[in-house]
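Structure record follows, encoded as structure tokens.
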Amino acid sequence: AQTVTQSQPEMSVQEAETVTLSCTYDTSESDYYLFWYKQPPSRQMILVIRQEAYKQQNATENRFSVNFQKAAKSFSLKISDSQLGDAAMYFCAYRSGVGNQFYFGTGTSLTVIP
Amino acid sequence: KAGVTQTPRYLIKTRGQQVTLSCSPISGHRSVSWYQQTPGQGLQFLFEYFSETQRNKGNFPGRFSGRQFSNSRSEMNVSTLELGDSALYLCASSRGHAEETQYFGPGTRLLVL
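Respectively, the protein sequence lines represent chains Z and F.
Take 978 as the starting number for the first sequence in this note's numbering and just add one per residue.
Take 84 as the starting number for the second sequence in this note's numbering and just add one per residue.
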């Protein structure tokens, strides 16, 4: 089974600064999709960004970007110009290209310091 | 377009009872997946339904079951509740293809006493 590892249980960042959240995964598949979801205190899971494994270009979504290293099986999330509203639990997720099951990491709790 | 809705939002049950949770996907979405979220185990996949058929199943006991109706709405049932079943239950919908994003509902918080 695929595994997703988030080695940083907690992170903090000053408002307006940049922070990077780490994620590694283990798979023998070549076709898969990677996601970052955000879960604020409301518990609603919100998609932040997604990356297709077959794409070499790193995905970017406004202040959010990823560093996708396929050979290293690494998928980190960079948040630029951090805002108070970015404070949440962030989950990295893997989805197989041949099945629809998501595998989630254990999450990183991000605190934004004013 | 309306998002994924889950009812009820909060539920309190006692051990041994059974519970049914409901999930209405985004219009046009045919896949509904269920997840259990607990502080100790994190997010764990329960099962996925697509076009009224269970397509994937996680590693949960048979007390956890589900079904999907022709309008893609899905229900999850837990029988003989245990204290450890206290969790946030999330459902997520998509059109059903692996490359698509899953959109999550707000969850049902179940407390078993």
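No residue lacks a Cβ here, since even glycine has one placed at the ideal position from N, Cα and C.
Determine, for F/E182, whether the minimum Cβ-Cβ distance to residues of chain Z falls below 8 Å. Counting from 1 along the second sequence, the entry for residue 182 of chain F is found at position 99. At least one chain Z Cβ lies under 8 Å of F/E182.
Starting from the N-terminal side, write out each stretch of the beta strand (DSSP E) that is 3 residues or longer and does not extend beyond the segment 115–150 of chain F. 125–133, 136–140
Rounded to the nearest angstrom, what separates Z/A1036 and Z/Y1067 at their Cα positions? What you label residue 1036 of chain Z is simply residue 59 of the first sequence in a count that begins at 1. What you label residue 1067 of chain Z is simply residue 90 of the first sequence in a count that begins at 1. About 17 Å.
Z/L1087 in three-state terms, based on DSSP: Indexing the first sequence from 1 puts residue 1087 of chain Z at position 110. Three-state result, Z/L1087: strand.
Measure the CB-CB distance between Z/Q979 and Z/S1053 and report whether it falls below 8 Å. Here the question's residue 979 of chain Z lines up with position 2 in the first sequence. Here the question's residue 1053 of chain Z lines up with position 76 in the first sequence. Contact: no.
Taking a contact to mean a Cβ-Cβ separation below 8 Å, would you say F/L193 touches F/D168 in this structure? Sequence index remark: in the second sequence, residue 193 of chain F carries index 110 (1-based). Sequence index remark: in the second sequence, residue 168 of chain F carries index 85 (1-based). Closer than 8 Å, so yes.
Report yes if the C-beta distance between F/T184 and Z/L1011 is below 8 Å; otherwise report no. As a first step, residue 184 of chain F is located in the second sequence; it is residue number 101 there, counting from the start. As a first step, residue 1011 of chain Z is located in the first sequence; it is residue number 34 there, counting from the start. Taking 8 Å as the Cβ cut-off, F/T184 and Z/L1011 do not qualify as a contacting pair.
Distance, Cα to Cα, Z/V1043 vs F/T97? One-based indexing of the first sequence puts residue 1043 of chain Z at position 66. One-based indexing of the second sequence puts residue 97 of chain F at position 14. C-alpha separation (whole angstroms): 44 Å.
In chain order, what residues of the same chain have a beta carbon less than 6 Å from the beta carbon of F/Q101, not counting five sequence neighbours either side? In the second sequence, counting from the first residue as 1, residue 101 of chain F sits at position 18. Closer than 6 Å at Cβ, skipping near neighbours: S162.
Residue span of the beta strand (DSSP E) that contains Z/V1025, given as start and end: Locating residue 1025 of chain Z in the first sequence gives position 48, where the first residue counts as 1. Z/V1025 -> beta strand (DSSP E) spans 1023–1029.
Z/A993: which of Z/L1061, Z/W1013, Z/E987, Z/S999 sits nearest, CA to CA? As a position in the first sequence, residue 993 of chain Z is number 16, starting the count at 1. The option with the nearest alpha carbon to Z/A993 is Z/L1061.
Contacts that F/F128 makes with chain Z (C-beta to C-beta distance below 9 Å): What you label residue 128 of chain F is simply residue 45 of the second sequence in a count that begins at 1. Simply Q1078, F1079, Y1080, F1081.
What does a CB cutoff of less than 7 Å around Z/D1003 pick up in its chain, not counting 5 residues either side in sequence? As a first step, residue 1003 of chain Z must be located in the first sequence, where it is residue number 26. Around Z/D1003: Q979, T980, K1050.
Taking only the alpha-carbon atoms, compute the straight-line gap between Z/D1058 and Z/P1091 and give it to the nearest angstrom. The residue you call residue 1058 of chain Z lines up with position 81 of the first sequence. The residue you call residue 1091 of chain Z lines up with position 114 of the first sequence. Each residue's Cα considered, the two are about 12 Å apart.
Excluding the 5 residues preceding and the 5 following Z/R1027 in the sequence, name in chain order all residues of the same chain whose CB lies nearer than 6 Å to its CB. For the purposes of this step, residue 1027 of chain Z is taken as residue 50 along the first sequence, with counting starting at 1. Answer for Z/R1027: F1012, listed in chain order.
Under DSSP, the beta strand (DSSP E) around Z/I1056 begins and ends at which residues? Locating residue 1056 of chain Z in the first sequence gives position 79, where the first residue counts as 1. Run containing Z/I1056: 1051–1056, per the beta strand (DSSP E) assignment.
What are the residues in the segment 1011–1041 of chain Z lying within 9 Å of chain F by C-beta distance? F1012, Y1014, Q1016, S1019, R1020, Q1021, M1022, I1023, L1024, R1027, E1029
Just to confirm, is the Cβ distance from F/W117 to F/Y172 under 8 Å? To locate residue 117 of chain F, count along the second sequence from 1; it is residue 34. To locate residue 172 of chain F, count along the second sequence from 1; it is residue 89. Against a cut-off of 8 Å, the Cβ pair of F/Y172 and F/W117 comes out as a contact.
Any beta carbon of chain F sitting closer than 8 Å to that of Z/S1007? In the first sequence, residue 1007 of chain Z corresponds to position 30, counting from 1. Output row for Z/S1007: interface = no.
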